[in-house]
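Visitor:
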Amino acid sequence: MIRVAKRVESRELSVDEIDQKVLESEMYVGGHNPRLGMIVRTSGVTRFSDFMVWQSCEEAQVEFTETLWPAFNKWEMVKLLLKWGFYETKRLKEEEIMQTKRHVLEKRPPVISVTEVDRAAAAAV
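The working numbering puts the last residue of the sequence shown at 126; the count rises by one with no breaks.
Here is the structure:
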């Protein structure tokens, strides 16, 4: 955020140009990184401690596990990845359904009111 403020101060960037994309590009894990899929918080604590809060708000799955970090092993990770894969597949299917519905709705003919039809008929006579 400091870099964005400095860019505004040096007139390299106007306040009106600041949007989500600009803010993300200036973050340590900015726009050049792929979308965050899952955040794992160990030790049973159910808070982020301000860790990647911005990135977790989009589509990241958050997993809280009772396992302490030193005991977190590959089997714990495999279990979480399988769970993530299930929900990611479900999310993608729902997204595909929504796109199909959107596509169908876009192809519907425009709605014309009865009064518009009456006016058009009267004008044609």
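No residue lacks a Cβ here, since even glycine has one placed at the ideal position from N, Cα and C.
Can you give me the start and stop residues for the alpha helix (DSSP H) that Ile3 sits inside?
Guide: Counted from its first residue, the sequence shown places residue 3 at position 2. Element bounds for Ile3: 3 to 10.
Visitor: Would Phe65 pass as a contact of Arg92 if the rule is Cβ separation under 7 Å?
Guide: For the purposes of this step, residue 65 is identified with residue 64 of the sequence shown, where counting begins at 1. For the purposes of this step, residue 92 is identified with residue 91 of the sequence shown, where counting begins at 1. Contact flag unset, no.
Visitor: Do you know offhand how far Thr68's Cα is from Val30's?
Guide: In the sequence shown, residue 68 corresponds to position 67, counting from 1. In the sequence shown, residue 30 corresponds to position 29, counting from 1. Thr68 and Val30: Cα-Cα distance of roughly 26 Å.
Visitor: Based on DSSP bridge pairs, tell me the residues matched to Gln62.
Guide: For the purposes of this step, residue 62 is taken as residue 61 along the sequence shown, with counting starting at 1. In DSSP, Gln62 forms a bridge with Met39.
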